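> Counting from 2, one number per residue, gives the positions in the sequence shown under this note's numbering.
Yeah, the Cβ is synthetic: ideal placement off N, Cα and C, and Gly gets one too.
All figures in this text were calculated on a predicted structure; none of them were measured in a lab.
I am attaching a structure below and will ask some questions about it afterwards.
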Amino acid sequence: MSLLWGHLLERFNLSSKRLQSVDMDLVKIAEIYQSLVCYVNDLRTDSEYEYYKKLAIEKWGIEDFEVQRNEQRIEKHLLMMVQLQMIAMQLILKSPLIWLSWIEFRLSS
């Protein structure tokens, strides 16, 4: 789980730094937010779960990996997604102009 969060927070941090750039325009802002949405959606696949599971087993030398029941995985996954949405909303609420440009971008897509 820490490997996943490390990669995820690294991506959010890079996006945040790009959003704070002086020469940022509304189109770039919308593209950055769209890329974050796509990135998070891509992380929700079974193949990504298996990838991070394999990384964890290799990094910590776990020999006997106990698979959790689907209900527990889904519950934890949903909690993580709610937390990510809260982080994204905090970023958006810092600038109403960004939020309006995001809505406009989504409507024009």
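Between the alpha carbons of residue 18 and residue 37, how many angstroms are there, rounded?
Looking at the two C-alpha atoms, the distance is approximately 13 Å.
> I'd like to know whether the C-beta atoms of residue 4 and residue 56 end up nearer to each other than 8 Å.
In this structure, residue 56 lies closer than 8 Å to residue 4 by Cβ.
> Tell me whether residue 81 sits in a helix, a strand or coil according to DSSP, three-state version.
In this structure, residue 81 counts as helix in the three-state DSSP scheme.
> Among the candidates 29, 78, 28, 35, whose CA atom is the shortest distance from the CA of residue 50?
It is 78 whose Cα lies nearest to the Cα of residue 50.
> Consult DSSP for residue 30 and reduce its assignment to one of helix, strand or coil.
Three-state result, residue 30: helix.
> Rank 61, 42, 48 by C-alpha distance to the C-alpha of residue 81 and give the top, closest one.
That would be 42, whose Cα lies nearest to the Cα of residue 81.
> So, under 8 Å CB-CB, residue 40 and residue 12 are touching, yes? Tell me the CB distance rounded to an integer number of Å.
Residue 40 to residue 12, Cβ: 6 Å. Contact.
> Could you tell me whether the Cβ atoms of residue 33 and residue 16 are closer together than 8 Å?
Closer than 8 Å, so yes.
> If you run the structure through DSSP and keep just helix, strand and coil, what is residue 23?
Coil.
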